[in-house]
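Residue numbers (the working numbering): -16 to 442.
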C-alpha cells in the first residue's frame, strides 16, 4: 500500500457497506431528463466524479421495491454498476478518443459493454466477448434491455484474438479476470480461496490475455487494462511485462488528469490504483496505453470458422423491409445493414462486417423480424433499440404499464387507431402491441415478465 495511505483506514473502509451506484443510459435518456424523472421518488443521488452519467444512490424503498425491479431499470434507463467499474471506459474514451471498432475482452455481465455503447452513441461496432457460456445469455439480456444495436457477441478464451483478429481494433478494454481483492465490501467471501500461488497463476493468464489484446489492437489504438484487485503482481507488474516485451510499441498514457481528484490514486507510472478508502468505493486498478507501431504477428489459428449462415438482403427486399419497419415506427441509419437467414431478418453493424469469416459469432447485431405469409413479425429487442421518437406511439397509463410488465394484455379506455403500435411509458418504448378489438395484445417476452411492485413512489 502506498505510504500516504493508512492501513487502518483501509481495514475500516473494507468493513463498511459498499455504496450502491447507477449509471444513466444516455442512449435512452439524458442525465438531466433522468434526474427530473426520478426527482419525485426521493432518491438521493451523488455524482460519481469520474463518470458524468454515474451516481451513488440512497433510497428508502429498497425493501418494498428492489432497484432492479423499478420500471426505469426494466426499460433500460439506467444500469446498476459499481462506481469504480465505470473508470475503465472513462479512461478508454479520454482525450477525445472516438474509436469505431472496439473489443471488450471479458464483457459479462455487460456494465462496461453498455457503457462503451453509450459513449459511441450506438455507432461503429463492439465485439463483446465472454469466456463463460452461462454468462453470455446475461450479457445479451443487458445489451437488449439498454437498446444497443452495434454489438457482436463471441464466446472464446480471450487469448485467441491476437492470432484470430490481428490489428483489427481501434480500442480494446481488457477488464481482466483477477483475484478480486477489491470487492470484499460487496462479497465478504471473495478472498476465501486467496493464496499467493493462485495470484501468480492468475497473473500468468493476465499476461497472456494482454499480449493477445495488444496483438489485436491497431497501431495507434488504445488499450485499457483493469482489474478489481489490489496487488502489484496482477496490476503494475503485468504492464511492466508488456512494456519489456514491446518497448518500441507501448506508450503509457498517464491518467493524472482523468478527473478531479485522480491524483489521489495515481501511481508513479501514471496508472490509477484505487484503494477502497480513497473514494469510498470498491478497490480497482486502471491503466491506459497506446500502441505506437505494428508488431510481429502471431501464427494463424488452426481452427475452421465454418460457413457464415447469413446473406445480405437484396436491394428490393431490403427496401420493402425498411418501408414496413417505418410504418410501425422502427428506423435505423446506414451504420446498420440488413442480412437474412431463412425467415429471420437481422441488422448487422457495418463496422463488424470485415471480421465475418475470421471468428465465429455467438450472436451478431440485432434480430429485426421474422417473415410470415402476412408480412413481418417484429422482434422485441428491435422495438426497444429502434423505436423512432417521431413515430406514432401509444402512451400507457401507470396502471396499464404495470399490466404490460406483468405480461398481461391491456384494455385502454381509448385504444389506438393502428393495429400494430409501439406502446410507451414515460415516453420510452415497452414493446409492440397488436390491437384486437379494444384490447392491446401483449408481446412482452415471457422471460422478462415481473410481478410485485414496479413503480417508485407508488404504494
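All C-beta atoms, glycine included, are put in the ideal place defined by N, C-alpha and C.
### Task
Leaving aside the five residues before and after residue 338 along the sequence, list all residues of the same chain whose C-beta is less than 8 Å from its C-beta, in chain order.
In the chain shown, counting from the first residue as 1, residue 338 sits at position 355. Closer than 8 Å at Cβ, skipping near neighbours: 110, 135, 148, 151.
### Query
Since residue 27 is in the beta strand (DSSP E), which residue starts that stretch and which ends it?
Here residue 27 corresponds to residue number 44 of the chain shown, with the count starting at 1. Segment 27 to 30, the beta strand (DSSP E) holding residue 27.
### Task
Indicate the three-state DSSP secondary structure (helix, strand or coil) for residue 140 in the structure shown.
Within the chain shown, residue 140 is the residue found at index 157, counting from 1. Note: residue 140 maps to coil in three-state DSSP.
### Message
Measuring only the C-alpha atoms, how far is residue 241 from residue 359?
### Response
The residue you call residue 241 lines up with position 258 of the chain shown. The residue you call residue 359 lines up with position 376 of the chain shown. If you take the alpha carbons of residue 241 and residue 359, they lie about 47 Å apart.
### Task
Identify which residue in 368, 72, 361 has its Cα closest to the Cα of residue 157.
Position 174 of the chain shown, counted from the first residue, corresponds to residue 157. Per the Cα distances, 72.
### Sequence ranges, alpha helix (DSSP H) only - wholly within the segment 199 to 251, length at least 4
Runs found: 219 to 228.
### Message
Any contact between the segment 242 to 253 and the segment 45 to 56? By contact I mean 3 or more CB pairs, one from each, below 8 Å.
### Response
no
### Query
Is residue 105 closer than 8 Å to residue 60 when the C-beta atoms are compared?
Taking the chain shown and counting its residues from 1, one reaches residue 60 at position 77. Taking the chain shown and counting its residues from 1, one reaches residue 105 at position 122. No, they are not a contact pair.
### Message
By the three-class DSSP mapping on this structure, what secondary structure does residue 117 have?
### Response
Reading the chain shown from its first residue, position 134 is the one you call residue 117. Helix.
### Task
Name the one or two DSSP bridge partners that residue 422 has.
Along the chain shown, read from residue 1 onward, the residue named residue 422 stands at position 439. In DSSP, residue 422 forms a bridge with 419.
### Query
Under a Cβ-count criterion, where at least 16 other Cβ atoms within 10 Å of its own Cβ denotes burial, should residue 294 be classed as buried or exposed?
Reading the chain shown from its first residue, position 311 is the one you call residue 294. By the neighbour-count rule (16 or more Cβ atoms within 10 Å), residue 294 is not buried but exposed.
### Alpha carbon of residue 256 to alpha carbon of residue 121, nearest angstrom
As a working mapping, residue 256 is identified with position 273 in the chain shown. As a working mapping, residue 121 is identified with position 138 in the chain shown. Answer to the nearest angstrom: the Cα atoms are 29 Å apart.
### Query
Do residue 169 and residue 1 have their CB atoms nearer than 8 Å?
In the chain shown, the residue the question calls residue 169 occupies position 186. In the chain shown, the residue the question calls residue 1 occupies position 18. Result yes, Cβ atoms of residue 169 and residue 1 sit closer than 8 Å.
### Query
Mind pulling the beta strand (DSSP E) runs of 3 or more residues that sit fully within the segment 45 to 95?
61 to 63, 84 to 87
### Message
Can you list, in chain order, the residues of its chain with a C-beta nearer than 8 Å to that of residue 288? Leave out the 5 residues immediately preceding and following it.
### Response
Position 305 of the chain shown, counted from the first residue, corresponds to residue 288. For residue 288, where only same-chain residues beyond five positions count, the Cβ hits under 8 Å are 340, 341, 342, 343.
### Query
From residue 263 to residue 80, what does the alpha carbon distance come to, in whole angstroms?
Counted from its first residue, the chain shown places residue 263 at position 280. Counted from its first residue, the chain shown places residue 80 at position 97. Looking at the two C-alpha atoms, the distance is approximately 28 Å.
### Task
Would you grab the beta carbon distance between residue 415 and residue 395 for me? Rounded to a whole angstrom, and I think it's under 8 Å.
Here residue 415 corresponds to residue number 432 of the chain shown, with the count starting at 1. Here residue 395 corresponds to residue number 412 of the chain shown, with the count starting at 1. 15 Å between Cβ atoms; not a contact.
### Message
Pop quiz: residue 268 and residue 218 are said to be a contact at Cβ under 8 Å. What is the actual Cβ separation, rounded to whole angstroms?
### Response
Here residue 268 is taken as the residue at index 285 of the chain shown, counted from 1. Here residue 218 is taken as the residue at index 235 of the chain shown, counted from 1. Indeed they touch by this definition, with Cβ atoms about 4 Å apart.
### Message
Here's the rule: buried if 16 or more other CB atoms are within 10 angstroms of the residue's CB, otherwise exposed. What is residue 303?
### Response
Translated into the one-based positions of the chain shown, residue 303 becomes position 320. Exposed, by the Cβ-count rule.
### Query
Buried or exposed: residue 112, going by 16 or more other Cβ atoms within 10 Å of its Cβ?
The residue labelled residue 112 in the question sits at position 129 within the chain shown. Classification for residue 112: buried.
### Query
Is it the case that the Cβ atoms of residue 407 and residue 438 are separated by a distance below 8 Å?
Residue 407 sits at position 424 when you count from the first residue of the chain shown. Residue 438 sits at position 455 when you count from the first residue of the chain shown. Cβ distance not < 8 Å, so residue 407 and residue 438 don't count as in contact.
### Query
If you run the structure through DSSP and keep just helix, strand and coil, what is residue 36?
Reading the chain shown from its first residue, position 53 is the one you call residue 36. Residue 36: coil per DSSP, three-state reduction.
### Query
Just checking, does the segment 124 to 142 make contact with the segment 269 to 277 on the three C-beta pairs under 8 Å criterion?
no
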